[in-house]
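Q: Numbering of the sequence shown is given in my numbering, commencing with residue 148 and proceeding in unit increments. All residues carry an ideal CB built from backbone N, CA and C; glycine is no exception. Encoded as structure tokens, here's the structure I'll be asking about.
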Amino acid sequence: MPKLNENYQNVKDSYLFAEIARRVSVYEKEHPDKAANIIRLGIGDVTRPLTKSAIEGLHEAVESQAAAETFQGYGPEQGYAFVRKAVSDYYAKQGVQVDPEDIFISDGAKSDTGNITELFAKENVILVPDPVYPVYVDTNTMDGKQILYMDGTEENQFLPMPDDSVKADIIYLCSPNNPTGACYNKEQLKAWVEYALKNEAVILFDSAYEAFVSEPELPRSIYAVEGAEKCAIEFCSLSKTAGFTGTRFSYTVVPKELVFSASDGSTMSLRDMWNRRQSTKFNGTPYIIQYAAARVLTDQGMEECMQNISYYMENARMIAETLRKKNISFTGGVNSPYIWFRCPDGMESWEFFDYLLENAQIVGTPGAGFGVNGKNHFRLTSFGTHEKTKEAMERFKQLF
């Protein structure tokens with residue numbers, strides 16, 4: 148009889164969004180007359196179609212697979228050189244230098260933020276913010292690692308800062324943050340880099356929403372901070388930037404400078420370790436997806452993406468305006484597609500979820516699913532259509 152990984156007993160029975168889907172399904176069965184009126188502003192999935200550049204890239208890549216001269220089979224697990232160069236050039240346009248050799252192409256930031264834990268021994272102490280994207284917690288719980296939490300609250304604008312009395316080996320940061328929409332400024336990120344360097348820790352920096360940052364003084368990459376290449380791994384994707392939630396493309400940066408001592412006194416490179424892990428467990432992102440992604444990352448491609456992002460941010464503006472009129476405190480909605488607010492009338496978040504669904508047929512995301520500090524907060528996304536978002540806000544106004 149096999150011995151099971153009993154750490155799975157410490158993971159919640161249901162992933163957050165699976166529980167949301169279950170509750171909505173129950174409601175639809177019990178109220179079939181209202182099912183068609185449900186407006187979903189919960190899961191962070193996009194609604195705008197792929198851009199012209201992405202579609203053209205996909206078509207060209209598919210056509211190339213039909214000819215023996217241009218057919219592509221297995222590709223490099225790290226990603227094709229042309230798309231790694233495209234990612235590096237994209238960073239350069241933001242004033243950040245990233246070596247293409249440090250870039251690894253994958254099928255999603257969710258996968259890489261979960262799989263990266265394999266590089267680190269179970270003895271490492273993990274530090275995550277609360278509230279937090281559930282994957283950071285679940286993957287380390289599955290692996291049996293010790294997790295410490297740093298409080299994100301209204302008092303610190305949901306941007307916890309380093310505490311020298313807390314010693315951690317691995318630090319998760321997400322900016323713009325999911326779920327709160329809060330965004331670290333450069334000085335705040337500098338403090339985190341200094342903490343990591345002082346403690347010989349590694350920052351796992353999730354920048355999946357960097358393209359939504361509109362204020363030029365806010366960094367879109369951890370590598371905008373001097374010294375970050377010596378202590379940080381960065382994860383990003385085109386899921387929200389280019390609407391690739393169903394198309395699947397991401398990139399992870401593991402700088403060559405990340406070299407640490409092994410127990411036997413030798414040194415080990417995290418870049419080499421990640422490369423070895425990927426070459427064993429990952430056969431690469433499909434060629435046609437990488438080709439389309441390279442087209443997206445051109446000036447024309449990003450201009451098209453920014454048009455879609457502007458569309459979503461108009462939705463965010465409508466949501467934020469509604470909350471202001473109702474005197475409901477919130478964060479996000481400016482440099483992020485997420486709006487995070489305190490539940491009205493002292494309600495807890497799952498109670499508010501049911502209340503909003505039953506009385507206004509609006510689906511959001513309960514803050515409790517992101518941690519203890521989300522118990523009385525709620526997340527709405529701006530990824531719907533203008534029409535649906537406007538209708539949802541009209542219902543919201545009438546309800547409160």
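With contact counted as at least three CB pairs below 8 Å, one residue from each stretch, are the segment 338-351 and the segment 311-319 in contact?
A: yes
Q: Looking at the secondary structure, which residues open and close the beta strand (DSSP E) in which R489 lies?
A: 485-489
Q: Go to M453, then tell me how far its beta strand (DSSP E) extends in each direction, as first and last residue.
A: Note, M453: premise wrong, no beta strand (DSSP E); alpha helix (DSSP H) at 446-472.
Q: With burial defined as no fewer than 16 other Cβ atoms inside 10 Å of the residue's Cβ, what is the status of I486: buried or exposed?
A: The residue is buried, with at least 16 neighbouring Cβ atoms inside 10 Å.
Q: Is the number of C-beta pairs between the segment 517-537 and the segment 179-193 that are closer than 8 Å three or more?
A: yes
Q: By the DSSP assignment, the beta strand (DSSP E) with F391 in it spans what residues?
A: F391 -> no beta strand (DSSP E), and no H or E assigned at all.
Q: Could you tell me the distance, in whole angstroms, from the CA atom of K535 to the CA atom of C330?
A: 27 Å
Q: Identify the continuous alpha helix (DSSP H) that holds L351 and give its terminal residues.
A: Per DSSP, L351 belongs to no alpha helix (DSSP H); it is in the beta strand (DSSP E), 349-353.
Q: Are S354 and C378 close, meaning C-beta to C-beta below 9 Å?
A: Not closer than 9 Å, so no.
Q: Bridge partners for Y319 per DSSP, in chain order?
A: Its beta-bridge partners are L351.
Q: When you compare each of M289, G521, V510 to I167 by their alpha carbons, which one comes out closest?
A: Selected option, being the one with the closest Cα: V510.
Q: Mark K387 as exposed unless 16 or more other C-beta atoms lie within 10 angstroms of its C-beta, in which case mark it buried.
A: With 16 or more other Cβ atoms inside 10 Å of its own Cβ, K387 counts as buried.
Q: Does Y238 come out as helix, strand or coil in the three-state DSSP assignment?
A: The three-state reading of DSSP puts Y238 in helix, counting H, G and I together.
Q: How far does the beta strand (DSSP E) with V400 in it reach, from first residue to last?
A: Residues 397-400.
Q: To the nearest angstrom, report how far apart I263 and W421 are at their CA atoms.
A: Looking at the backbone, the Cα of I263 and that of W421 are separated by about 8 Å.
Q: Tell me the residue span of the beta strand (DSSP E) that contains F530.
A: Looking at the DSSP string, F530 is not in any beta strand (DSSP E), and its letter there is neither H nor E.
Q: Using the Cα positions of Y238 and Q244, report the straight-line distance between them to the nearest angstrom.
A: 6 Å
Q: For G328 and S211, which I take to be in contact (beta-carbon distance under 8 Å), what is that distance rounded to the nearest angstrom?
A: That pair is no contact at about 40 Å.
Q: Do L405 and R423 have their C-beta atoms within less than 9 Å of each other?
A: no
Q: Find out if the Cβ-Cβ distance for the pair G204, Y438 is shorter than 9 Å.
A: yes
Q: My assumption, with CB atoms under 8 Å, is that Y370 sits in contact with E364. Please give the rounded CB distance.
A: The pair is not a contact, with the Cβ atoms about 16 Å apart (cut-off 8 Å).
Q: Going straight from the alpha carbon of D160 to that of A213, what length do you get?
A: Those two C-alpha atoms are separated by around 45 Å.
Q: Closer than 7 Å by C-beta to D298: which residues in its own chain qualify, once you throw out the five before and the five after it? Chain order, please.
A: D277, P307, N520
Q: When you compare each of A315, E541, D259 to L274 by their alpha carbons, which one comes out closest?
A: Distance check between L274 and each of A315, E541, D259 places A315 closest, using alpha-carbon atoms only.
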